[in-house]
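Heads up: the structure comes next, in structure tokens.
In this note's numbering, the protein residues as written are 2 to 401.
Structure (structure tokens):
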């Protein structure tokens with residue numbers, strides 16, 4: 002008799018053989034997810050900033066999110082709520098990271114007291130404080146005009162051992178000391194030729210050990226570009242990043258990097274942000290820096306669209322060591338799906354779609370909340386158009 006694990010893999014392989022290119026057939030779900038409501042409160046245009054992180058150092062992933070006019074965190078596993086800041090927290094996105102390198106998890110937010118005022122909240126844990134009862138200090142990173150704080154991402158871009166902040170309009174390179182981080186603001190227009198509208202991802206496209214950047218072109222017809230980090234020879238804070246084409250795209254796009262084809266080269270998964278564009282992936286060439294480099298495009302699902310920046314993840318959700326794709330369609334999309342696409346063949350040629358919900362989502366996060374070796378999903382819709390937007394977790398229950 003087959004083990005449950007072997008049976009599930011056999012069913013996955015069989016269903017994958019029946020897929021129609023560009024429109025996956027609905028099959029029995031290969032992974033069981035349980036919905037857990039962290040906070041049932043709903044408010045229009047709320048819940049956009051959210052993140053997973055171990056904020057009290059107990060080894061469990063907690064939840065942080067905007068609620069009303071402030072920012073709060075919810076302690077796992079019972080989701081008791083504590084204040085990060087009662088009156089700060091705005092904008093589109095939240096990221097968990099150790100900003101000041103003191104060993105605890107802080108929070109970077111795209112709107113501190115205003116939508117385009119980037120900032121970070123300092124966790125008091127490393128200083129002997131209690132993140133449940135002691136104040137988290139709100140610190141400004143910088144202000145960007147327009148909608149420039151959109152596309153918030155964090156990484157050590159210049160490889161100096163400190164977390165930097167990237168947005169649609171600017172790079173903020175961390176300077177100063179651990180006790181007093183400061184920020185060097187460099188407009189993206191100075192570094193990224195043909196930088197376009199919303200849509201940002203970071204990844205090591207050329208496998209040289211530094212973070213490159215991906216996004217839409219500013220010129221038409223719109224393309225997906227990747228910009229090569231000038232490291233190791235150049236200076237990413239002042240030298241121009243070489244723009245290189247990936248393939249056709251959209252004015253605003255959501256992007257993610259991962260080896261979908263299992264050939265040890267980075268691929269790119271892409272979808273339009275405010276249109277039904279279809280979910281596609283571009284296979285990375287042997288040498289992406291070559292002037293003749295060709296990225297071949299393949300469709301995962303032609304019906305997917307309206308996926309906000311930061312709402313696409315390339316991860317292994319069913320534990321078969323193949324990279325899958327998760328997307329959350331926004332409230333204004335026609336179908337409002339949270340969907341996992343399982344990489345059935347392991348090389349990106351066939352996919353099985355699992356729809357977790359038709360209530361939509363915006364800026365989700367992914368991590369092992371249950372500490373059981375699998376990936377769970379944090380989600381909430383934005384509610385800008387009136388949809389309910391409770392803070393929820395989708396707990397992966399299948400992988401032992």
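Heads up, the beta-carbon is just placed ideally off N, CA and C, and yes, glycines get one too.
Just to confirm my understanding: we take residue i, look at its own chain, exclude 5 residues before and 5 after, and list those with CB closer than 8 Å. What are they?
i, result
"residue 30", "The pLDDT assigned to residue 30 is 49, lower than 50, so where the model puts this residue is not dependable; a value taken from the coordinates is nonetheless given after this. Counting only Cβ-Cβ distances below 8 Å, and skipping sequence neighbours, we find 355."
"residue 413", "In the structure as shown, the chain begins at 2 and stops at 401. Residue 413 is therefore absent and cannot be evaluated."
For the alpha helix (DSSP H) containing residue i, name the first residue and the last one.
i, result
"residue 190", "189-192"
Which partner residues of residue i appear in the DSSP bridge assignment?
i, result
"residue 352", "344"
"residue 199", "None, per the DSSP bridge assignment."
"residue 261", "Answer is none; residue 261 lacks a bridge partner."
"residue 217", "225"
"residue 112", "91"
"residue 293", "Answer is none; residue 293 lacks a bridge partner."
"residue 315", "326"
"residue 150", "According to DSSP, residue 150 bridges with nothing at all."
"residue 77", "Residue 77 is not bridged to any residue."
"residue 145", "Beta-bridge pairing links residue 145 to no other residue."
"residue 308", "330"
Can you tell me whether residue i is buried or exposed? The criterion is at least 16 other CB atoms within 10 Å of its CB, across all chains shown.
i, result
"residue 337", "buried"
"residue 393", "buried"
"residue 123", "buried"
"residue 264", "exposed"
"residue 94", "buried"
"residue 384", "buried"
"residue 38", "exposed"
"residue 373", "exposed"
"residue 402", "Nothing can be reported for residue 402: it is not among the residues displayed for the chain, which extend from 2 to 401."
"residue 73", "buried"
"residue 291", "exposed"
"residue 46", "exposed"
"residue 141", "exposed"
"residue 63", "buried"
"residue 330", "buried"
"residue 180", "exposed"
If you drop the 5 nearest sequence neighbours on each side, which residues of the same chain put their C-beta closer than 7 Å to that of residue i?
i, result
"residue 366", "51, 52, 53, 379"
"residue 41", "391"
"residue 219", "195, 196, 197"
"residue 192", "172, 241, 242"
"residue 127", "103, 104, 105"
"residue 199", "151, 152, 169, 253, 274, 310"
"residue 107", "98, 99, 100, 101, 121, 122, 123, 124"
"residue 58", "105, 126"
"residue 78", "61"
I need the boundaries of the beta strand (DSSP E) containing residue i, first residue and last residue.
i, result
"residue 378", "377-380"
"residue 175", "171-177"
"residue 370", "Unbroken run through residue 370: none, as it is neither H nor E."
"residue 168", "Where residue 168 is concerned, there is no enclosing beta strand (DSSP E), given that its DSSP letter is neither H nor E."
"residue 383", "Looking at the DSSP string, residue 383 is not in any beta strand (DSSP E), and its letter there is neither H nor E."
"residue 85", "81-86"
"residue 119", "118-123"
"residue 245", "243-249"
"residue 278", "Element bounds for residue 278: n/a, residue is neither H nor E."
"residue 230", "Here residue 230 belongs to no beta strand (DSSP E), and DSSP marks it neither H nor E."
"residue 397", "392-397"
"residue 56", "Per DSSP, residue 56 belongs to no beta strand (DSSP E) and is neither H nor E."
"residue 63", "63-68"
"residue 35", "34-40"
Can you list, in chain order, the residues of its chain with a C-beta nearer than 6 Å to that of residue i? Leave out the 5 residues immediately preceding and following it.
i, result
"residue 185", "174, 176"
"residue 421", "A question about residue 421 goes unanswered here, because the residues of the chain that appear run from 2 up to 401."
"residue 206", "213, 227, 267, 289"
"residue 357", "34, 339, 395"
"residue 388", "332, 382"
"residue 315", "257, 259, 270, 324, 326"
"residue 163", "175"
"residue 183", "176, 177"
So, is the C-beta of residue i closer than 7 Å to a C-beta in chain C?
i, result
"residue 244", "Protein chain content of the structure displayed is limited to a single chain, and chain C is not contained in it."
*Validate contact between the segment 281-288 and the segment 253-272 using beta carbons, cut 8 Å, 3 pairs*: yes
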